[in-house]
Amino acid sequence: MNAPAATPNPSLATSNPSITNPAAARAGIGAIIATVALALIALLSFSGATQPTPADKVTLLALAVLAMLCFWTPLYAWCEAQEGAFAFGLTAAMFIIYGLARHAGPASGPEFHLPFDPDDAITLSYASIIVMAGALITAPFWWRNLGGWARAVWSAIATLAVLAFGVFTLLKGHYPVGATEIVDPAPLVYLVAQLVEYGALALLCSVVCAHASTRRLVLRALPIALLLLWARHEFAAAPVADAK
Amino acid sequence: MATTIEPNLTTPTPSQPRRKLEWNAATFDSLLLIALILTMCSQMNMRSIGKDTYLEGGYVTKQLFIALSDVILCLTFVWFVIRTTMLKAWQRVWWPPVPCWALIVAMLIAMLHSPHVTEALKGAHHAGPKALLKAMGGQEGKEAIAHIVQFVLYFIVAITLFVNLIHDRREGEIIVRRRLALHVFPVAILLATLLGCWQLLVSKHDPPHGLFGSSNVYSGFLALALPLLITHMIKEWRAVPQVFFTGALSLLLALATLSSPWAVLALLIGIAVGGLLLRQPARTNILLVASVVVSAVVWAGAVKLAGDDPAFKALGANAVKDPTHIHHPTKLVRADSLRLVGDSSHSPGDENENEKDATAFKIKKQFIEWYAALGFAMPRERAVATGVGPGNYQLNIGTYYGSLPNVKKILPDSNNLYLVQAVSLGLLGLGALLWVLGHFAHRAWLARRWHSSDWLGTGVLASLVSFGFVNIFHALIVRGVGLVLAFILALAVIAAQGENNKDLATHEHQ
Numbered sequence: 002m003n004a005p006a007a008t009p010n011p012s013l014a015t016s017n018p019s020i021t022n023p024a025a026a027r028a029g030i031g032a033i034i035a036t037v038a039l040a041l042i043a044l045l046s047f048s049g050a051t052q053p054t055p056a057d058k059v060t061l062l063a064l065a066v067l068a069m070l071c072f073w074t075p076l077y078a079w080c081e082a083q084e085g086a087f088a089f090g091l092t093a094a095m096f097i098i099y100g101l102a103r104h105a106g107p108a109s110g111p112e113f114h115l116p117f118d119p120d121d122a123i124t125l126s127y128a129s130i131i132v133m134a135g136a137l138i139t140a141p142f143w144w145r146n147l148g149g150w151a152r153a154v155w156s157a158i159a160t161l162a163v164l165a166f167g168v169f170t171l172l173k174g175h176y177p178v179g180a181t182e183i184v185d186p187a188p189l190v191y192l193v194a195q196l197v198e199y200g201a202l203a204l205l206c207s208v209v210c211a212h213a214s215t216r217r218l219v220l221r222a223l224p225i226a227l228l229l230l231w232a233r234h235e236f237a238a239a240p241v242a243d244a245k
Numbered sequence: 152m153a154t155t156i157e158p159n160l161t162t163p164t165p166s167q168p169r170r171k172l173e174w175n176a177a178t179f180d181s182l183l184l185i186a187l188i189l190t191m192c193s194q195m196n197m198r199s200i201g202k203d204t205y206l207e208g209g210y211v212t213k214q215l216f217i218a219l220s221d222v223i224l225c226l227t228f229v230w231f232v233i234r235t236t237m238l239k240a241w242q243r244v245w246w247p248p249v250p251c252w253a254l255i256v257a258m259l260i261a262m263l264h265s266p267h268v269t270e271a272l273k274g275a276h277h278a279g280p281k282a283l284l285k286a287m288g289g290q291e292g293k294e295a296i297a298h299i300v301q302f303v304l305y306f307i308v309a310i311t312l313f314v315n316l317i318h319d320r321r322e323g324e325i326i327v328r329r330r331l332a333l334h335v336f337p338v339a340i341l342l343a344t345l346l347g348c349w350q351l352l353v354s355k356h357d358p359p360h361g362l363f364g365s366s367n368v369y370s371g372f373l374a375l376a377l378p379l380l381i382t383h384m385i386k387e388w389r390a391v392p393q394v395f396f397t398g399a400l401s402l403l404l405a406l407a408t409l410s411s412p413w414a415v416l417a418l419l420i421g422i423a424v425g426g427l428l429l430r431q432p433a434r435t436n437i438l439l440v441a442s443v444v445v446s447a448v449v450w451a452g453a454v455k456l457a458g459d460d461p462a463f464k465a466l467g468a469n470a471v472k473d474p475t476h477i478h479h480p481t482k483l484v485r486a487d488s489l490r491l492v493g494d495s496s497h498s499p500g501d502e503n504e505n506e507k508d509a510t511a512f513k514i515k516k517q518f519i520e521w522y523a524a525l526g527f528a529m530p531r532e533r534a535v536a537t538g539v540g541p542g543n544y545q546l547n548i549g550t551y552y553g554s555l556p557n558v559k560k561i562l563p564d565s566n567n568l569y570l571v572q573a574v575s576l577g578l579l580g581l582g583a584l585l586w587v588l589g590h591f592a593h594r595a596w597l598a599r600r601w602h603s604s605d606w607l608g609t610g611v612l613a614s615l616v617s618f619g620f621v622n623i624f625h626a627l628i629v630r631g632v633g634l635v636l637a638f639i640l641a642l643a644v645i646a647a648q649g650e651n652n653k654d655l656a657t658h659e660h661q
């Protein structure tokens, strides 16, 4: 069967170990940093404080099976030829894992407020600190090498941000704004915070997938991580920690 | 090197049996392609699956409607599978790119990660397969499955069929049906606008809607389809006069029958983008921009005049007990569509205590719902990443209103597509959707670069820009317009592959 019309994966150019390429070496450093960040996030997701829902567990198991099919079979070669396939797959899995990890604490930690909503605080979890620090540190590696998938995620973020702030601006001109008023700014606050976190996570995933070695390592290990995570929360659920 | 053949429905069949079979198959392909293009510009439902529970029990559950275009699509798909197997041509089939598959995977993840859908399954999985099926037949499950099936039909099946039927690659030859498709599509648009014009003259109460379910979908369809037609008209009006005639007449009828000023604005933006990207002489570009600006000013003026209509003003002030006395419903709907503030929906309907609240009508409900949709970001929802589940927007949006005024329903098909997809599929799904649109827009852009004398890539870009804008005000990936979108996306691939397919292999790997 002919491969579908595909834009060649530019990251394949970095897979030849015989090429001495300073740019490839630097990319490798960035990929390692991003891999470490993702690994820390995955570790946090094992915490009992994450309080996974039944939907989380079902999704972890399903993703583990899907990851085995895509990354442990000859399908891996097909995915490697398609630009963005690996970045999307890793991002999808990490979105679920991060959704758990960001509830792992701390119970009370650093928080800040946005100017338009002094009542609702954005609390920085361990996971959010790791993901944003990781994205900042690896900025030189993704800044000029964003693939189609990462661009699409950030286009979605920009679209939502413009729509959210635009409609908030329209409403606040006609209705009172406040935690107990008609227009509650809390959704806007939480939306902005989470969009930045998930956007940073997508960038880390794209950096990992841009380098052949880290890509292979992470994607081959991903099904195991997902299975372990599922088993951890399905069979060995720890007493739920008090969020406060 | 493959031979390129234009289909000719009247060509005598060759004498050899296999060639005769292949030629008959090609003829049937052409007929099905024509039927598919004609029926995709409509929303004619043939039957429904599921009970109309609103009439029986007063509650709403998903009813699946099977449209004529769905039947033709399925028939074409089954035929395509049979004939490709008979011709042993699977190796030459074009398949959708990764973004399309990623969108479906994102929807599946969103369905599994939806607490509402999974909650229904939680109690059922111990009880066995029958209980599982019953749980999936609940409201949330039905909505999710229906949406996933729709998106698979649009973004996988339909695109595959359109590309492979228009550039039909077989052993030693390629049958090109580009001209056929691009002649039938304008005819379908013209028929839709003629019908809309007839409805405008005949109907006293409803704005024109063609063969679609609502005037908003009809408007969105024209905003998506017409920029392609107009781009073709600008490029080849001298060489092919019938293109000019069809395009000009369709545009005039569309402007007369469109009830959504947002769709009109999207259409004008699309035409401007198409015209400017065509690399016409400076004088033509100036004329084009001037025409668009004048059209926009005239249109805005007409809407302003309609807004001053005394009958329309009365709608905002008093409850209208008998809407049959309202004249010119189309221009009133247009004027109402442009308003950001106030609401004309003081109309008879279910009693709602909030109707007495004056603050409820300060901002149009359509825009209040935009802010309400942001409620999916609240920590208790855990829905930013993957949403509340495909098709579950309507089931959840009510709970997000909080203190926001929630009086009356918004008009059909006037949601914001990006917010609906964000709430339903989360950032993962919205990103995948934009990835699909961006991928095909990029293909159209490359087509414009590789084949500078060809207008098709530019036309697709114009349509996609218009589509991107109009979806802010009308969520259009619904029954009736989804197939048209698939057709436009397929044309991006056709444009990139080149008019004569000579450099097909070269461009696929650039």
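Those protein sequences? They're chains Y and A, same order as listed.
Using my numbering, the letters of the first sequence map in sequence onto residues 2 to 245.
Using my numbering, the letters of the second sequence map in sequence onto residues 152 to 661.
Glycine included, each C-beta is placed from N, C-alpha and C at the ideal position.
Keep in mind that this is a model prediction, so the values were computed, not measured.
With distances taken from CA atoms, which of A:L172, A:W246, A:K171, A:L312 is nearest T227 of chain A?
A:L312
Backbone CA spacing between M95 of chain Y and L202 of chain Y [nearest angstrom]
8 Å
Between L439 of chain A and A417 of chain A, how many whole angstroms is the CB-CB distance? I'm expecting something under 8 Å.
Not really, about 17 Å apart at Cβ, beyond 8 Å.
Which residue wins for smallest C-alpha separation from L640 of chain A, given the options A:A176, A:C251, A:T178?
A:C251
For T170 of chain Y, the three-state DSSP class (helix, strand or coil)
helix
Compare the beta carbon distance of A626 of chain A and N547 of chain A with 8 Å and say whether it is the shorter of the two.
no
V178 of chain Y by DSSP, collapsed to three states: which one?
strand
Alpha carbon of E112 of chain Y to alpha carbon of A595 of chain A, nearest angstrom
46 Å
Compare the beta carbon distance of T382 of chain A and L342 of chain A with 8 Å and say whether it is the shorter of the two.
no
Please report how far the alpha carbon of G148 of chain Y lies from the alpha carbon of S207 of chain Y, in whole angstroms.
7 Å
For E504 of chain A, which residues in the same chain have their Cβ closer than 7 Å to its Cβ, ignoring the five residues on either side in sequence?
Caution applies to E504 of chain A, whose pLDDT of 46 falls short of 50 and renders its modelled position unreliable; the value that the coordinates give is listed next. The answer is none, since no qualifying residue turns up.
On the criterion of 16 or more Cβ atoms from any shown chain inside 10 Å, does T190 of chain A qualify as buried, or is it exposed?
buried
Any chain A beta carbon closer than 8 Å to T160 of chain Y:
yes
Test: F96 of chain Y CB closer than 8 Å to a CB of chain A:
yes
C-alpha distance - F302 of chain A paired with L61 of chain Y, whole-angstrom precision:
23 Å
Would you check if the segment 318-331 of chain A and the segment 565-582 of chain A touch, i.e. whether three or more CB-CB distances between them fall below 8 Å?
no
L196 of chain Y and W521 of chain A: beta carbons closer than 8 Å?
no
How about the segment 216-227 of chain Y and the segment 112-130 of chain Y: do they share at least three Cβ pairs that are nearer than 8 Å?
no
Listed by chain order, chain Y residues near R533 of chain A by CB distance under 9 Å
T54, A56, D57, G100, H104
Just curious, the alpha helix (DSSP H) that R320 of chain A is in, first and last residue?
It is not in any alpha helix (DSSP H) - R320 of chain A instead sits in the beta strand (DSSP E) that spans 318-321.
Buried or exposed for S366 of chain A, going by 16 or more other Cβ atoms inside 10 Å?
buried
Which residue marks the beginning of the beta strand (DSSP E) containing T212 of chain Y, and which one marks its end?
Note that residue 212 of chain Y is His in the sequence shown, not Thr. Here H212 of chain Y belongs to no beta strand (DSSP E), and DSSP marks it neither H nor E.
Going along the chain, which unbroken runs of the beta strand (DSSP E) with 3 or more residues stay wholly within the segment 60-130 of chain Y?
112-115, 118-124
Tell me which residues share the same chain as A663 of chain A and place their Cβ nearer than 7 Å to its Cβ, disregarding the 5 neighbours each side in the sequence.
The question about residue 663 of chain A has no answer here: the residues shown for chain A are numbered 152 through 661.
Buried or exposed by the 16-neighbour rule on C-beta atoms within 10 Å, applied to L615 of chain A
buried
Based on the DSSP secondary-structure assignment, which residues constitute the bridge partners of R198 of chain A?
A:I217
Can you give the Cα-Cα distance for V644 of chain A and G174 of chain Y, rounded to whole angstroms?
46 Å
Tell me the residue span of the beta strand (DSSP E) that contains I326 of chain A.
324-327
How about the segment 79-90 of chain Y and the segment 48-61 of chain Y: do they share at least three Cβ pairs that are nearer than 8 Å?
no
Please list the terminal residues of the continuous alpha helix (DSSP H) segment that includes M191 of chain A.
168-191
Going straight from the alpha carbon of T215 of chain Y to that of G29 of chain Y, what length do you get?
8 Å
Please decide whether D185 of chain Y counts as near chain A, where near means a Cβ-Cβ distance under 8 Å.
yes
For a test of the three-state rule: what should DSSP assign to W535 of chain A, helix, strand or coil?
The residue asked about is misnamed: residue 535 of chain A is Val in this sequence, not Trp. The answer is coil: DSSP assigns V535 of chain A none of H, G, I, E or B.
So what does DSSP say about V632 of chain A, is it helix, strand or coil?
coil
Where does I514 of chain A fall in DSSP's three states?
strand
Where does K560 of chain A land, buried or exposed, given buried means 16+ other C-beta within 10 angstroms?
exposed
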